[in-house]
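When you line the sequence shown up against full-length UniProt numbering, it's residues 1 to 295, in that order. By construction, the Cβ of each residue, glycine as well, lies at the ideal position given by its N, Cα and C atoms.
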Amino acid sequence: FAFKPENALNTMLRKMYTLNNNILMFHLQRTLDLTYTTGNYSCRGWKCIQRILENEGTGTFGRVLLCRNKSTDEYFAMKILNLTDVIRLKQVEHVKNEKNILLEIRHPFIVNLLWCHRDDTSIYMLFEYVCGGELFSYLRNSGRFSAQTANFYACEIITAIDYLHQKNIVYRDLKPENLLLDKEGHLKITDFGFAKKLTDRTWTLCGTPEYLAPEIIQSKGHNKAVDWWALGILIYEMLAGYPPFYDDNPFGIYEKILSGKIEWARHLDPVAKDLIKKLLVQDRTKRLGNMKVRS
C-alpha cells in the first residue's frame, strides 16, 4: 500500500464537489432497506451481500469480518456484536447511541455505516471497507510526517469534525488509531463509541489520556471544544512523531496537560507552532475552532 498524500488533494476536492445529496440519499435508502435472510442480504431483488472472507479483528463483545459482494465484487466490513455480552456488560445504551449517531451521519472522511440489523443472538453493522489500515501504523513507520502531509490530513479531519459539530455531535476520541486510510490515501474517522449528541455540556470522563482536554481532566463539563484540543495534539504528533504531553503514568500526563507547558520539537516551523498553540488553549472559550468567529 503506497501513495503520495500530497498528490491526492485534487482527487479529494473533485470527490467533495461531485458528491450530491440525491446520489447519497439513493445509496443510503438502498443500503438501509436491506432484509436479513440466512447469511444473504437482499434489496428489491438485488443480491447484496456477502461471502465472509476473513476475520479483521475482535473486541470485548464482538468481531469484525471482511465481506465481499458476490455480484459487484465490492468489499465491506461487518461488525458483529454478541447480544448476550452487550447486555451482560451493560453496553445496551452505549451501542444504541453509537448506532443512532452513525445512522445520522454521512461524510466522505468518515467510515460510514451502510446497514444494521439485530436478531436473537447478535447485532450486525455493515460498514464500508477501508483497506489502508490505521494512520497510527503509517506514522510509526514514517517516524513523522512532513508539514505538507500533516496539513493534508489535518484538513480532512477538520472537514469531518466540523460536519459532526454542525449536527451537534462531539466525537471525543480523535487519535491516530481511529483514523483509517483508504486506497487513495484519504483519511476516514472510525470508532464512534465515545461520540455523543450534545447541545450544551457533558461530564463523562472518556478518551485517550494523551489526548484529553483540560476541562475533561478537571471534570468541569466539556463540549465540542475537546475535539479541537485533540486536533492540536494530533497535529503535533504527526509533525513530531510523539504527542506533546507524555508520561509513563497517566496522572503524570494529566499534570503536564494542566500545566500547559509544551517542550517543542526543534524542527517544528513557526506556522505549525502557532496553529498548535491556538488549538491547545486551556480556556475552551478562546480555543481555535470553538470561538464564535473562526479564524
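Residue range of the alpha helix (DSSP H) that VAL95 falls in? 92-104
Run of the beta strand (DSSP E) containing PHE145, from where it starts to where it stops: PHE145 -> no beta strand (DSSP E), and no H or E assigned at all.
Report the option in GLY252, LYS183, LEU288, GLU134 whose CA atom is closest to the CA atom of ALA225. Selected option, being the one with the closest Cα: LEU288.
Delimiting residues of the alpha helix (DSSP H) encompassing VAL130: First-last for VAL130: undefined, no H or E at that position.
Please go through the region 188-242 and give each complete alpha helix (DSSP H) segment of 4 or more residues, from N-terminal end onward. 214-217, 225-240
Tell whether a beta-carbon distance below 8 Å holds between LYS90 and MET125. no
Taking just the CA atoms, how far does LEU135 sit from GLU177? Answer to the nearest angstrom: the Cα atoms are 6 Å apart.
Find the nearest neighbour of PHE245 within the set ILE262, ASN151, ALA150, HIS117, judged by alpha-carbon distance. ILE262
Near VAL130, what residues of its chain come up, given a Cβ to Cβ distance below 8 Å and the 5 sequence neighbours on each side ignored? These residues qualify, in order along the chain: ALA77, VAL111, LEU180, LEU181, ASP182, LYS188, THR190.
Secondary structure at ARG44, three-state DSSP: helix, strand or coil? Summary for ARG44: the model assigns pLDDT 33, below 50, so the residue's position carries little reliability; its value from the coordinates is reported in the next sentence. Correct three-state label for ARG44: coil.
In chain order, what residues of the same chain lie with their CB nearer than 7 Å to the CB of ASP248, ignoring the 5 residues before and after it? none
Using a Cβ-Cβ cutoff of less than 6 Å, which residues in the same chain neighbour LYS175 once the five nearest sequence positions on both sides are dropped? THR208, TYR211
Flag this pair as yes or no: are the beta carbons of TYR171 and ALA150 separated by less than 8 Å? Going by C-beta atoms, TYR171 is not nearer than 8 Å to ALA150.
Which value, in whole angstroms, describes the spacing of the CA atoms of LYS278 and THR84? 46 Å
Kindly list the residues whose CB is nearer than 6 Å to the CB of ASP280, restricted to its own chain and excluding five residues on each side of it in sequence; keep chain order. Looking at the sequence provided, one finds Leu at residue 280 rather than Asp. For LEU280, where only same-chain residues beyond five positions count, the Cβ hits under 6 Å are GLY232.
With H, G and I counted as helix, E and B as strand and the rest as coil, what does DSSP make of HIS165? helix
Based on Cα-Cα distance, which residue from PRO214, LYS273, ASP162, ILE169 lies nearest to ILE257? The residue with the shortest Cα to Cα distance from ILE257 is PRO214.
On the CB-based measure, 16 or more other CB atoms within 10 Å of its CB, does ASP283 come out buried or exposed? Of the other Cβ atoms in all chains shown, fewer than 16 fall within 10 Å of the Cβ of ASP283; this residue is therefore exposed.
Please say whether TRP228 and ASN290 have beta carbons closer to each other than 8 Å? Taking 8 Å as the Cβ cut-off, ASN290 and TRP228 qualify as a contacting pair.
Have a look at ASP200 and ILE101 and give me their C-alpha separation to the nearest angstrom. A straight line joining the alpha-carbon of ASP200 with that of ILE101 spans about 17 Å.
By Cβ distance, which residues of its chain are closer than 6 Å to GLU237, with the 5 residues on each side in sequence left out? PRO243
Does the Cβ of PHE251 have 16 or more other Cβ atoms within 10 Å, making it buried, or fewer, making it exposed? exposed
How many whole angstroms separate the CB atoms of ILE216 and LEU198, which I take to be in contact at a CB cut-off of 8 Å? Incorrect: roughly 13 Å between the Cβ atoms, too far for contact.
Helix, strand or coil for SER122, going by three-state DSSP, please let me know. Assignment of SER122 by DSSP, reduced to helix, strand and coil, places it in the strand class.
Span of the beta strand (DSSP E) holding VAL86? From DSSP, VAL86 is part of no beta strand (DSSP E) but of the alpha helix (DSSP H) over 83-88.
Please state if the CB of ALA230 and the CB of LEU268 are separated by a distance shorter than 8 Å. no
When you compare only the Cα positions, how much space is there between LEU32 and HIS117? Residue placement at LEU32 cannot be trusted, given a pLDDT of 34 that sits under 50; the coordinates are not used to answer.
Taking the CB atoms as reference points, tell me whether GLU104 and LEU114 lie closer together than 8 Å. no
Along the chain, where does the beta strand (DSSP E) that runs through LEU179 open and close? 179-181
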